[in-house]
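Everything in the sequence shown is counted per our numbering, starting at 12 for the first residue and increasing by one.
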Amino acid sequence: MRKNNGKSSEKNGISIVSGFDIIRDAITAGDTVQKWIVYSFFVAYHYRHFISNEK
């Protein structure tokens, strides 16, 4: 397999990197609506994980 900007070589943690890239892009884009959508989705996802772990 070819390297695609060194991303294909990192199979472990690629989802974490892409997630942070999405958040960073939303913040640097300056689009307030997109930033809050990504932020709220990020918080809701982890909040749901926290609730399921508490049960």
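Built from N, CA and C at the ideal position, the CB exists for glycine as well.
Owing to the predicted nature of the structure, the values given are computational and were not obtained by experimental measurement.
- Residue environment for V54: exposed (fewer than 16 other C-beta atoms within 10 angstroms of its C-beta).
- Scanning its chain for C-beta atoms nearer than 8 Å, with the 5 sequence neighbours on each side dropped, one finds around I34 the residues V49, Y50 and F53, in chain order.
- C-alpha of D32 to C-alpha of V44: approximately 17 Å in a straight line.
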